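I have placed the structure first, in the form of structure tokens, so that the comments after it can refer back to it.
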Amino acid sequence: MTGFLRSLKPFTQRKGQARQEAIHMISSEVYLPLNLSMELRNQVQTNRVQYNIRGTFQIRASLRLTHFSYGLNYRCLLEMTGPPTGVLIARSCRTKR
């Protein structure tokens, strides 16, 4: 399915902290081929919609005088109830460095 890009502003996070970020997904005006459109319609009718989400993060760490950075790639498959509420049913995520 067609997606979009969204970037986050840089932020600092200490060890043990957690952060949540709201992401507004826009899909009402996205063109889909007929086969994907039918698949999405079936998922909405069964109230189990699958989202394939990919994320790339650049990590910069400072440990006293040493600084280093590396990239992380995330791939998540989320299964949620149909729109507009979209409650999380299942998830599967993989991280690659």
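Using our numbering, the letters of the sequence shown correspond one by one to residues 1268 to 1364.
Glycine included, each C-beta is placed from N, C-alpha and C at the ideal position.
All figures in this text were calculated on a predicted structure; none of them were measured in a lab.
Restricting to Cα atoms, I'd like to know which of the options is closest to residue i.
i     : options                : result
E1288 : E1296, P1277 and G1349 : P1277
C1343 : Q1280, Y1337 and R1358 : R1358
Rounded to whole angstroms, what is the Cα-Cα separation between residue i and residue j?
i     : j     : result
L1339 : L1299 : 29 Å
L1242 : N1314 : Since the first and last residues shown for the chain are 1268 and 1364, residue 1242 lies out of range.
L1301 : A1328 : 46 Å
L1307 : P1351 : 14 Å
A1285 : L1332 : 25 Å
I think residue i touches residue j, with their Cβ atoms under 8 Å apart; what is that distance to the nearest whole Å?
i     : j     : result
S1336 : I1326 : 6 Å
Q1317 : E1346 : 5 Å
V1311 : G1349 : 5 Å
Helix, strand or coil for residue i? Go by DSSP, reduced to three states.
i     : result
Q1310 : helix
S1336 : strand
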